[in-house]
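Be aware that the sequence shown starts at 1, since it is given in our numbering, and climbs by one per residue.
Working notes, structure below.
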Amino acid sequence: MLNPAQVYYAATCIKCYFSVLNFMRIILYTEFDDEPFKNEDITTQVTTSGATNRQSSHWTPWKVIDSGSVDTLDLLLDTGIELELQTKHGQTLLSYAAARGQLDIVKLLLDRGADMTTADSSHNTALSWAAGNGHEAVVKLLLDTYKLSPEADDDWYIEDAIRAAAMMGHLAITKLLLDTNNAKPDFMDLENRQVALYAAAEMGHDAIVKLLLEGDMIHPDARDTTTRQTAFYAAAERGHEAVVKLLLDTGKVDPEAKDSLYQHKALYAAAENGHEAVVKLLLDTGRVNHNSTNRKHKQTALYVAADKGHEAIVKLLLGTGKADPNAANRRGRTPLWIASKRGHETIVKLLLQTHNIQLATVDRTGQTALGIAMDQGHQAVVDLLLGGGDVN
1 MLNPAQVYYA ATCIKCYFSV LNFMRIILYT EFDDEPFKNE DITTQVTTSG
51 ATNRQSSHWT PWKVIDSGSV DTLDLLLDTG IELELQTKHG QTLLSYAAAR
101 GQLDIVKLLL DRGADMTTAD SSHNTALSWA AGNGHEAVVK LLLDTYKLSP
151 EADDDWYIED AIRAAAMMGH LAITKLLLDT NNAKPDFMDL ENRQVALYAA
201 AEMGHDAIVK LLLEGDMIHP DARDTTTRQT AFYAAAERGH EAVVKLLLDT
251 GKVDPEAKDS LYQHKALYAA AENGHEAVVK LLLDTGRVNH NSTNRKHKQT
301 ALYVAADKGH EAIVKLLLGT GKADPNAANR RGRTPLWIAS KRGHETIVKL
351 LLQTHNIQLA TVDRTGQTAL GIAMDQGHQA VVDLLLGGGD VN
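Structure below.
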């Protein structure tokens, strides 16, 4: 009589010569010694270990799904494996298969009555997994099945999938899901729709942003429920020019909207991150305060651009004639002071060309721009400052 370890070793050796189906039959129908499994069926051992640690066995249903073998999974289910078996993260067989685009396996599980609405620990269902990973055929199958289910009146199931598809930029799937929920006369889940708009804007998917805004079902300037930021701010911060322009063109967004954590405005965020095109779009609106500051350090967009070395943005801001080159932050440091410290020679030149630049301003430690440039060893900047007039 073979013990389980011997059977596993032998089965591994012959696996190369048999189909997956025949291999599973060998495993499932071999007689075992009582030890170490006592009277438990080998299938129970395999599936139980697989539910908590997918790496502990080569023959778990998760591996079968990965292989795409419908017949083998069907056989496993016939032996008593639970249809609603879950990974340690709460992902069901159906969600696992949907996430991998295994259409035929998804169909098998649905035909056997798998629950479509079970969400895992990350709050994703089979539909949202398929939508987020771009598996359109699986999405269609799940939708067609869902429409016939008693839960079909629940908006959240589809809206969560819309969020996943929108975030990952899957336009066709987003449209398919939107058409399903928008057709409902009593559709009310606008909060989740707002989350989808924010996700698409944050990732720069302008075509999806445009699609979500059609029909005026949601306000383009509403805040995301988690980050408390607007879609416009998220797009500006990340430099998504097309999305910023699209949202500005609605005439319904506030270009002065602040980040909820640091009270940064879109202009500051775009300037800090070097997004020249977005900065230009914002300045062209004529609706932004060039000298507004963030909450923590009281720094302007010009200051942070000078600090980060974004020459083109410094030039843009100074070119408006509205950005104050002498605006000091909480520590008394001006754009010229910080540019001198960093050794940004071109920016120092740009600032020195402004007609009212103050060279002798000291920070809270009593240090001037010239002093800090000398301390940092930026000789080219020192020479520029010495040629600029009263620097002490």
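A virtual CB, placed ideally from N, CA and C, is assigned to each residue, including glycine.
Item	Value
Alpha-carbon to alpha-carbon, H290 and G143	Before going on, a small fix: residue 143 reads as Leu here, not Gly. In a straight line, the C-alpha of L143 is about 49 Å away from that of H290.
Neighbourhood of Q379 by C-beta, 7 Å cutoff - its chain only, sequence neighbours within 5 removed	none
Three-state class that DSSP yields for F37 in the structure shown	Any reading at F37 needs caution, since the residue's pLDDT is 26, under 50, leaving its predicted position unreliable; the model's value is listed next. F37: coil per DSSP, three-state reduction.
Among H344, H297 and E276, nearest to L317 - alpha-carbon criterion	E276
Closest residue to L85 among P61, S69 and S128 (Cα-Cα distance)	P61
Assigned secondary structure, R223 (DSSP; H/G/I helix, E/B strand, else coil)	strand
Cβ shell of D363 (< 7 Å), same chain only, five flanking positions each side left out	R331, G332, R333 and W337
Distance CB(F232)-CB(L247) smaller than 7 Å	yes
Closest by C-alpha distance to A373, when choosing among G80, G366 and V382	V382
Sequence-distant residues of the same chain with beta carbon closer than 6 Å to K419, five excluded per side	Because the chain here runs from 1 to 392, residue 419 falls outside it and cannot be looked at.
Identified DSSP bridge partners for T230	R223
As assigned by DSSP and simplified to three states, the class of D383	helix
Sequence-distant residues of its chain with Cβ nearer than 6 Å to P36 (five each side left out)	Here the model assigns P36 a pLDDT of 27, short of 50, so the residue's position is not dependable, and the following value carries that caveat. Here the set comprises nothing.
Identity of the residues DSSP links to K258 by a beta bridge	K265
When T226, N133, L75 and T72 are compared against Y96, the one with the closest alpha-carbon	N133
T72 in three-state terms, based on DSSP	helix
Presumed contact (8 Å Cβ cut-off) between A131 and H170, rounded CB distance	7 Å
Neighbourhood of D160 by C-beta, 6 Å cutoff - its chain only, sequence neighbours within 5 removed	S128
V381: CB within 6 Å of a non-hydrogen atom of the ligand MG	Absence of the ligand MG from the depicted structure is noted, as is the absence of any ligand whatsoever, leaving it without description.
Cβ separation of V209 and V243, assumed to be a contact under 8 Å, to the nearest whole Å	5 Å
Nearest-angstrom Cα separation, counted from K147 out to L136	Looking at the sequence itself, residue 136 is Glu, so the reference to Leu does not match. For E136 and K147, the distance between alpha carbons rounds to 16 Å.
Nearest candidate by alpha-carbon position, reference R100, set N356, I65, A166 and A270	I65
Beta-carbon gap between V195 and D221 smaller than 7 Å	no
Start and end residues, alpha helix (DSSP H) containing D324	From DSSP, D324 is part of no alpha helix (DSSP H); its letter is neither H nor E.
The alpha helix (DSSP H) enclosing D104, as first and last residue numbers	L103 to D111
Span separating the alpha-carbon of R342 from that of V314	14 Å
Member of L94, A269, L73 and L385 whose CA lies at the smallest distance from the CA of E117	Here residue 117 is Thr; the residue named in the question, Glu, does not match the sequence. For the residues L94, A269, L73 and L385, the minimum Cα distance to T117 belongs to L94.
Cβ pair H297, N326 closer than 7 Å	no
Length of the line joining the Cα atoms of A369 and V348	10 Å
Nearest candidate by alpha-carbon position, reference E202, set R228, E82 and M217	R228
Secondary structure of T125, DSSP reduced to three states	coil
Limits of the unbroken alpha helix (DSSP H) element including K308	A301 to K308
Pick from E191, R238, G204 and A270 that is closest to T226, judged by C-alpha positions	E191
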